[in-house]
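So the mapping is simple: our numbering equals the position in the sequence shown, first residue as 1, plus 133. We treat Cβ as the ideally placed atom computed from N, Cα and C, and that holds for glycine.
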Amino acid sequence: LLTRVNNEKDLQVTQEVRFASAPSAPVSVGKAALKWHGGVFLFTQNYDQDAVNTFAPFVLSPFINFPISQHSPQSTLDDRGLGIYGQATWTFSKNLDVVAGVRADREHKEAALSTFFAPALPAFGPAVTLNPERDFTDVSPQFAVTYRLTPAANVYGTVARGFKAGGFNAASPTGAEAYNPEHTWNF
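Structural data, given as structure tokens:
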């Protein structure tokens with residue numbers, strides 16, 4: 134009566150370049166020792182999907198005596214992103230570390246989203262094709278303090294902001310395919 138075939142293809146490429154101070158040779162800054170690291174993260178993702186519901190004759194209507202295919206969705210989602218980050222750790226004594234970091238992100242997302250019947254059936258509505266495009270940017274800080282009580286035990290506190298870019302959901306109803314970025318504060 135009904136079959137569903139979901140063809141998907143995904144290609145993702147990522148690259149990260151990282152720089153850091155020498156682990157055994159921190160930089161002296163007054164009474165503190167400084168260790169640091171930073172880097173760049175690049176990625177691209179291309180996702181294609183064609184989800185086809187095939188209805189047997191007479192399933193959608195007693196007047197339709199041939200099979201009907203509904204492509205819901207036929208979509209292409211492209212995503213490119215860049216993240217730049219850095220973190221510094223200041224050691225003020227053998228027992229106290231203070232950490233500060235930041236990450237800047239930018240993502241560009243494009244979509245081609247189509248929903249249609251084959252053959253076309255005007256009674257079920259016209260084909261819908263959307264081509265949304267959107268950029269997402271964010272800057273996320275991180276702060277931490279660690280105090281070593283003994284060589285085997287420490288106490289620490291961290292505050293960090295998280296970010297996940299918004300995008301497009303190909304299977305959403307028309308008008309609701311975009312979703313917003315997400316932010317979190319972690320303690």
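One question on the structure: do V272 and D238 come within less than 9 Å of each other, judged by their Cβ atoms?
Yes. Within cutoff.
Could you check how far apart the C-beta atoms of Y218 and G171 are, in whole angstroms? I think they sit under 8 Å.
The pair is a contact, with the Cβ atoms about 6 Å apart (cut-off 8 Å).
Taking Cβ positions, are V185 and V150 nearer each other than 9 Å?
No, Cβ-Cβ distance for V185 and V150 is not below 9 Å.
For S205, tell me which candidate among F152, E266, T136 has the shortest Cα-Cα distance.
Comparing Cα positions, the closest option is T136.
Strictly by DSSP, which residues pair up with N287?
Partner(s): R281.
Among A153, P159, S194, R213, which residue has its Cα nearest to the Cα of Q178?
Comparing Cα positions, the closest option is R213.
If you drop the 5 nearest sequence neighbours on each side, which residues of the same chain put their C-beta closer than 6 Å to that of A153?
Within the same chain, A153 has close Cβ partners H170.
For A245, tell me which candidate among V232, Q182, W223 has the shortest Cα-Cα distance.
Minimum Cα distance to A245 is reached at Q182.
Roughly how far, in whole angstroms, is the beta-carbon of L215 from the beta-carbon of L175, given that I think they are within contact range, below 8 Å?
6 Å between Cβ atoms; contact.
Helix, strand or coil for A237? Go by DSSP, reduced to three states.
Three-state result, A237: strand.
Short of 6 Å in beta carbon distance, which residues of its chain neighbour F269, apart from the five on each side in sequence? Order them along the chain.
Here the set comprises E240, A298, G299, P314.
Check whether chain C comes within 9 Å of D183, counting only Cβ atoms and requiring the distance to be less than that.
Absent from the structure is chain C; it holds one protein chain and no more.
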